[in-house]
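The block underneath contains the structure these notes are about, expressed in structure tokens.
Numbering (my numbering), first residue to last: 46 to 264.
What follows is the structure in structure tokens.
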């Protein structure tokens, strides 16, 4: 079981969008909030270009990513688990379904979210943007995570179209949650859509699991 973190397990989507808006404004770039939100879910390596274009990425990409980290740091203390997120992780553990967290974000923020979730003993791996050559919607992160927690079958739980695309490229299904702020029409390629992680407690995963190769017989 692969799970995204931001917008899927913790209510951080709009904190990320606000931090990016403030980072852009540091460099006299004023993009509307909705436009930034549309790109939250892909990694910072792609978000700058998606929002500001190739010229902004080439000229200011690294500086903007550094500014985003500085802006998000104080906001990260306000982030809380989404309703039912901890229940979902406990449910997976109780059902002996191995779970791994796969985030396109920075590792230190992913680790902080894992602590906020109390998930250290409930998941078997945590991967972040540092572990993959390219972030979502490329499938690199999912492939790396499956190497950490090998399984015969797997599925991704995510909140953005980029999660769905990454899963598809990796040959996996994706169960989408609405808690990232995307409309059902934008999540339409997911194999199932629910409001949030609490709706997946007791979920029947068999119809959405896809074969990924040899490995953990528990899945």
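Cβ coordinates follow ideal geometry from the N, Cα and C atoms, glycine included.
- Take residue 76, set aside five residues on each side of it, and the residues of its chain with a beta-carbon closer than 8 Å to its own are 66, 69, 96, 97, in chain order.
- Annotation: the segment 140–192 contains the following complete segments of the beta strand (DSSP E) (minimum length 3 residues), in chain order: 145–147, 170–172.
- Distance from the Cα of residue 221 is smallest, within the candidate group 160, 137, 229, for 229.
- In the structure shown, residue 214 falls within a helical segment according to DSSP collapsed to helix, strand and coil.
- Boundaries for residue 201: no alpha helix (DSSP H) harbours it, while the beta strand (DSSP E) harbouring it runs 198–203, taken from the DSSP string.
- Separation of residue 198 and residue 47 (C-alpha to C-alpha, rounded to the nearest whole angstrom) is 11 Å.
- A straight line joining the alpha-carbon of residue 88 with that of residue 206 spans about 13 Å.
- Rounded to whole angstroms, residue 126 and residue 53 show a C-alpha spacing of 9 Å.
- Classified as buried, residue 83 has 16 or more neighbouring CB atoms from the shown chains inside 10 Å of its CB.
- Counted as a single uninterrupted DSSP element, the alpha helix (DSSP H) harbouring residue 93 occupies residues 89–97.
- Segment contact: the segment 163–180 against the segment 128–144, three or more CB-CB distances shorter than 8 Å; contact assigned.
- Here DSSP, grouped into helix, strand and coil, assigns residue 126 to strand.
- Bounds of any beta strand (DSSP E) do not take in residue 50, whose DSSP letter is neither H nor E.
- Assignment of beta-bridge partners to residue 222 by DSSP yields 239.
- Distance from the CA of residue 195 to the CA of residue 215, rounded to the nearest whole angstrom, comes to 14 Å.
- Under the Cβ criterion (8 Å, minimum of three pairs), the segment 109–128 does not count as touching the segment 175–194.
- Boundaries of the alpha helix (DSSP H) harbouring residue 70: 58–71, taken from the DSSP string.
- In this structure residue 160 is exposed. Its beta-carbon is surrounded by fewer than 16 other beta-carbon atoms within 10 angstroms.
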